[in-house]
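Written out below as C-alpha cells is the structure these notes cover.
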Amino acid sequence: MERQITRVGIATVVMLLVVFAQLNRLQIFAAEEIASNPANSRRLLQEYSIKRGEIITEDTVTIARSVDTGGRFRYERRYPKGDLFGHTTGFYSILFGTSGIESAYNGELLGESSVISMQDIQDSLFGSGEQGDNVRVTINSEMQRIAREQLGDQGGSVVAMDPSNGKILAMWSNPSFDPSPLASHDSRVQRQGRSALNPRSSTSPLINLATQRGYPPGSTFKVVTTAAALESGRFTPNSTFDDPISYDLPQTDATISNFSGGTCAGGGQITLELALTISCNTTFADIGQKVPDEIADVAEGFWFNSAVPFDLRTEPSSFLEADEDNLPRRSLSAIGQGDVVSTPLQMLLVAATIANDGEVPRPRLADEIIDPEGIVERFSPETLGRAISATTANTLGGMMRNVVESGTGSSAQIPGVVVAGKTGTAQTTAGANPHAWFICFAGPSGDDPRIAVAVIVENGGSLGSEATGGQVAAPIARALIEADRNINGW
Numbered sequence: 114m115e116r117q118i119t120r121v122g123i124a125t126v127v128m129l130l131v132v133f134a135q136l137n138r139l140q141i142f143a144a145e146e147i148a149s150n151p152a153n154s155r156r157l158l159q160e161y162s163i164k165r166g167e168i169i170t171e172d173t174v175t176i177a178r179s180v181d182t183g184g185r186f187r188y189e190r191r192y193p194k195g196d197l198f199g200h201t202t203g204f205y206s207i208l209f210g211t212s213g214i215e216s217a218y219n220g221e222l223l224g225e226s227s228v229i230s231m232q233d234i235q236d237s238l239f240g241s242g243e244q245g246d247n248v249r250v251t252i253n254s255e256m257q258r259i260a261r262e263q264l265g266d267q268g269g270s271v272v273a274m275d276p277s278n279g280k281i282l283a284m285w286s287n288p289s290f291d292p293s294p295l296a297s298h299d300s301r302v303q304r305q306g307r308s309a310l311n312p313r314s315s316t317s318p319l320i321n322l323a324t325q326r327g328y329p330p331g332s333t334f335k336v337v338t339t340a341a342a343l344e345s346g347r348f349t350p351n352s353t354f355d356d357p358i359s360y361d362l363p364q365t366d367a368t369i370s371n372f373s374g375g376t377c378a379g380g381g382q383i384t385l386e387l388a389l390t391i392s393c394n395t396t397f398a399d400i401g402q403k404v405p406d407e408i409a410d411v412a413e414g415f416w417f418n419s420a421v422p423f424d425l426r427t428e429p430s431s432f433l434e435a436d437e438d439n440l441p442r443r444s445l446s447a448i449g450q451g452d453v454v455s456t457p458l459q460m461l462l463v464a465a466t467i468a469n470d471g472e473v474p475r476p477r478l479a480d481e482i483i484d485p486e487g488i489v490e491r492f493s494p495e496t497l498g499r500a501i502s503a504t505t506a507n508t509l510g511g512m513m514r515n516v517v518e519s520g521t522g523s524s525a526q527i528p529g530v531v532v533a534g535k536t537g538t539a540q541t542t543a544g545a546n547p548h549a550w551f552i553c554f555a556g557p558s559g560d561d562p563r564i565a566v567a568v569i570v571e572n573g574g575s576l577g578s579e580a581t582g583g584q585v586a587a588p589i590a591r592a593l594i595e596a597d598r599n600i601n602g603w
C-alpha cells in the first residue's frame with residue numbers, strides 16, 4: 114500500500130511539474146503569440162479595456178477617439194469627421210481588425226510595448242483601465258476639407274506634401290468611407306457596414322486611391338523622361354528635335370500623334386523646353402528611343418518598381434524596360450502610356466523630388482506620438498536617396514515653371530507665387546474617357562518651394578472626353594496651393 118501511495122505521489126508531482134512547466138512556457142515564450150492573436154478573446158478584452166489614444170491632425174482636430182460604453186468591451190472607437198479622414202485613420206474593429214493609422218500605430222495607440230505578458234493581461238482585465246498614447250498626423254484639417262471640396266463628386270485623388278520634409282499635408286480620395294460602422298460593438302452593424310463597402314470589389318471605397326491604385330500617368334511622366342534626357346548629358350533645354358505631325362512607332366505600322374492632331378511648333382524643329390511646355394508627344398516618343406536605359410534608371414531613382422516606404426500600405430508603381438525586340442514600348446513609356454503605371458503618391462514624389470533639389474523625400478503621415486506627459490516621439494525627416502542631380506532638378510524646375518506660365522498648365526497660375534507643374538491627359542482602357550492629371554510644386558518668389566501637389570481626376574470627371582489635365586486637375590492643385598499659403602502665411 115505504501116508503495117502504491119508513493120507511486121501515486123510521484124505521479125502527481127510529475128504531473129504538477131508538467132503543468133507548471135507548460136504554464137511557465139506560456140508565460141515566458143508564448144505570451145506574445147497568444148496576446149497578438151486577434152481571435153484570442155482575452156486579447157480583445159485586454160485591448161478594449163484600454164482607452165485608446167486619439168488620432169489628431171496637425172491643427173489639433175480630433176479625428177479618432179474612444180468613448181466608455183460601460184460594456185464588456187469597454188471602449189468604442191468613434192470617428193467625428195466621418196469619411197473625411199477614412200483612409201487616414203482607417204478603422205479599429207472587433208470583427209475586421211485594423212487599417213490605416215489605427216493599424217500602423219496600434220501599439221502606440223494602446224500605450225503598450227511590443228511584448229505583452231500574461232500578467233499584463235490579468236492586470237488589464239481586473240485592474241483599472243489604461244490610457245494609450247495620441248498620434249498626431251501631418252495632415253491639416255482645412256487642407257483636407259478643401260481637397261474634398263475641390264474634387265467634389267468626381268472620382269480620383271488629391272495629395273499634397275511639404276517637399277522639404279515629406280510631411281503629407283492633405284490626402285483625399287473619392288470614394289472614401291466612414292469608419293464608424295466598422296468600429297461599432299454591434300456585430301450586425303459591423304457586418305452591414307462592411308458589406309455596404311463591397312470589400313471584394315476593385316472599386317471599393319476601402320481602397321485608398323492615393324496609395325493603392327495605379328493609373329497610366331500620361332504626360333506627367335514626361336517630367337521623368339526630361340530628367341533622364343538632361344541626366345544623360347546628351348541634351349539641354351535648347352536641344353532641337355524634328356517636329357512631325359506624327360511619330361512612326363518602330364516595328365509597327367502604328368503612329369503616335371500630338372494632342373492637336375498636327376505639329377507642335379509648325380513643323381521644322383522644336384526645342385526640348387518648348388516640347389515640355391506644350392506637351393509634344395512626338396518629341397518625347399523620339400527621346401524614348403534615344404535614351405531608354407537612362408529613362409529606366411531615373412524612373413527607378415524616383416522609386417518606380419518599388420513600394421514607397423510610408424505609414425500606410427502602398428502599391429508599387431511600375432516602369433518596364435524595353436529591349437530591342439520591343440521598341441514601341443520605349444516610345445509609349447516615354448509619354449507615360451503603354452505599361453507605365455503610377456499611384457498619385459508616386460507622381461507626388463516626382464514633383465517633390467524636383468522641388469527638393471533631386472533628393473527623394475520620404476513621405477510621412479505620423480508626426481508625433483504624445484502621452485499625457487508630453488511628446489514621446491517626434492519623427493524626423495528622411496530621404497530615400499537621390500534620383501537626379503541638383504543641377505538637373507533646378508533646370509527641370511525652370512522648364513516646369515514655363516509649363517504653368519506659358520503652356521498647358523496655365524490654370525495653375527497664382528499671382529505672386531512661383532508654380533512649376535506638368536499636365537497629363539492619360540489614355541486608359543478602350544472606350545473609357547482619359548484621366549486628367551496635374552503635378553506641381555510651388556512657393557514664394559525667390560524662396561524654396563513650400564508645397565508639392567498631385568491630382569488625378571478619373572475619366573476626366575465632369576468634362577468626360579473633353580477633359581484635359583490643365584482644365585480639370587490644375588485648378589484643384591491651385592486651390593490647395595492657395596490654401597497652404599493662407600494657412601502658413603507665405
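Numbering (the numbering used here), first residue to last: 114 to 603. Think of the CB as a built atom: it goes at the ideal place given N, C-alpha and C, for glycine as much as any other residue.
Within its own chain, the residues whose Cβ lies closer than 7 Å to the Cβ of I594, once the five positions on either side in sequence are excluded, are I527, V530, V532, A555, I564 and V566, listed in chain order.
Rounded to the nearest angstrom, the Cβ distance from G487 to A587 is 42 Å, too far for a contact under 8 Å.
Under the three-state reduction of DSSP output, F423 falls in the coil class, being neither helix nor strand.
In the DSSP assignment, F397 falls within the unbroken alpha helix (DSSP H) covering N394 to K403. For Y161, the enclosing alpha helix (DSSP H) stretches over residues S154 to Y161.
Boundaries of the beta strand (DSSP E) harbouring T175: T175 to D181, taken from the DSSP string. With respect to the C-alpha of S270, the residue from N601, R598, A596 and V585 having the closest C-alpha is V585. By the CB criterion at 9 Å, L310 and S286 fall outside the cutoff. Bounds of any beta strand (DSSP E) do not take in T349, whose DSSP letter is neither H nor E.
Pairing L385 with A342 gives a Cβ-Cβ distance under 9 Å.
In this structure T333 is not in contact with P357, their Cβ atoms being roughly 23 Å apart against a cut-off of 8 Å. A distance below 9 Å separates the beta carbons of T390 and V516. The criterion of a C-beta distance shorter than 9 Å is satisfied by S293 and G306.
Going by C-alpha positions, I383 is about 36 Å away from T496. Counting along the chain, H200 sits inside no beta strand (DSSP E); it lies in the alpha helix (DSSP H) bounded by residues G199 to T202. Using a 10 angstroms sphere on the CB of G166, the tally of other CB atoms reaches 16 or more, which defines it as buried. DSSP links G210 through a beta bridge to S206.
Under the 10 Å beta carbon count, S493 is surrounded by fewer than 16 other beta carbons and is classified as exposed. Under the three-state reduction of DSSP, Q584 is assigned to helix.
Around the beta carbon of G544, fewer than 16 other beta carbons sit within 10 angstroms, so the residue counts as exposed. For Q382, the uninterrupted beta strand (DSSP E) segment begins and ends at Q382 to T384.
For T496, the secondary structure class from DSSP, reduced to helix, strand or coil, is strand. A straight line joining the alpha-carbon of Q459 with that of I214 spans about 20 Å.
If you draw a straight line from the Cα of P330 to the Cα of G449, it is about 5 Å long. In this structure, the beta-carbon distance from Y192 to A177 falls below 9 Å. When only Cα atoms are considered, P288 and E413 end up about 30 Å apart.
A check of alpha carbon separations from R426 across A465, P476 and T316 identifies P476 as the nearest. Non-local beta-carbon contacts of N371 in its own chain, meaning distances under 7 Å to residues more than five positions away in sequence, involve C377, C393, N394 and T395 in chain order. Taking all protein chains shown into account, R326 has 16 or more neighbouring C-beta atoms within 10 Å of its C-beta and is therefore buried. The Cβ atoms of I467 and A506 lie closer than 9 Å to each other. Annotation for R491: the continuous beta strand (DSSP E) segment containing it runs G487 to R491. Contact check for E428 against A435 fails: the beta carbons are separated by 9 Å or more.
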